[in-house]
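Q:
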Amino acid sequence: MRPQTAEATLDLATVSPVVERYFAQFNAADYRAVAMLFATDGVLVAPFEEPIVGTDAIYIYLQAEARAMRATPVEADITTHPNGTQQVVVKGRVKTLLFSVNVRWSFVVAAANKIQSVEIKLLASLQELIQLDRG
């Protein structure tokens, strides 16, 4: 049986309540609450970083690296697999004090409504990334 894919609207709560909470709590800078959305062995794969495993490590990473960031989801797609897991792909923007960049978040949400993993990819060309580095 093939996974079913459905286009989602910007109302993330109807797509995946846990993904909606991820963005709400991230934007509120409540990084402890964000980390608690992950499974105990959950994984955050941030750009240019090794995978960050476990809720404590995710909290420490976000506390250090995500300050003053704001994530704005623009579109989302969801695929539900026969085993009950969901893949939720969200495209949007992240704004920092210095720049704004297009981003894609690929969430794997377990049947228990915990984030198993999220991979964050910058959707920028090499030239755009070089310009970001120069400030």
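Numbers -19 to 115, taken from the numbering used here, label the letters of the sequence shown in order. Glycine included, each C-beta is placed from N, C-alpha and C at the ideal position.
Do Gln43 and the ligand MG come close, with the Cβ less than 7 Å from some heavy atom?
A: As presented, the structure is devoid of all ligands, the ligand MG included, so that no description of it is given.
Q: What residues are listed by DSSP as bridge partners for Ala15?
A: According to DSSP, Ala15 bridges with nothing at all.
Q: Within 10 angstroms of its Cβ, does Phe18 collect 16 or more other Cβ (buried), or is it exposed?
A: Classification of Phe18: buried, given that the 10 Å Cβ count is 16 or more.
Q: State buried or exposed for Leu77, treating a residue as buried only when at least 16 other CB atoms are found within 10 Å of its CB.
A: Exposed is the call here.
Q: If you measure between the beta carbons of Val(-2) and Asn93, is that distance less than 8 Å?
A: Yes, Cβ-Cβ distance for Val(-2) and Asn93 is below 8 Å.
Q: Suppose you measure from the CA of Thr52 to the CA of Ala9; what does that come to, to the nearest Å?
A: Whole-angstrom Cα-Cα distance: 14 Å.
Q: Does the contact criterion of 3 or more C-beta pairs under 8 Å hold for the stretch 20 to 28 versus the stretch 57 to 67?
A: At 8 Å Cβ cutoff, the stretches do not touch.
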